[in-house]
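Undergrad: Provided herewith is a single structure, encoded as structure tokens, for subsequent inquiry.
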Amino acid sequence: MTNLEKEHIEKLKEFHNYWDYRAYELGKQFENIEKDIHSKHQEEMIEFLENVENLRPLKPKESPELLNLRKIQKTLTRQKE
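Residues 8 to 88 in the numbering used here are what the sequence shown lists, from first letter to last.
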């Protein structure tokens with residue numbers, strides 16, 4: 008093997024090592040970003056659910072049909088007395 012071939016093989020190894028390292032580092036960065044996004048999403052979801060709970064009326068609104076039936080019921084009760 009000539010010096011040129013050895014030098015070429017060495018440069019090729021350096022090239023592959025560099026890109027393997029870059030890929031590894033980018034993978035770690037991706038994992039960290041993914042964890043951050045997941046935790047932020049969890050926090051936002053908890054905040055959203057709390058806000059929804061606070062917005063929900065404590066007493067449900069009664070339908071017009073139900074109100075009418077109650078009125079009829081009261082009227083019939085009075086007539087019976």
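Cβ coordinates follow ideal geometry from the N, Cα and C atoms, glycine included.
Would you mind reading off the limits of the alpha helix (DSSP H) that contains Thr82?
TA: Pro71 to Lys87 is the extent of the alpha helix (DSSP H) around Thr82.
Undergrad: Could you check what DSSP says for Met8 in three-state terms: helix, strand or coil?
TA: Correct three-state label for Met8: coil.
Undergrad: To the nearest angstrom, how far is the alpha carbon of Glu39 from that of Asn75?
TA: Correcting the residue type first, residue 39 is Asn in the shown sequence and not Glu. Whole-angstrom Cα-Cα distance: 60 Å.
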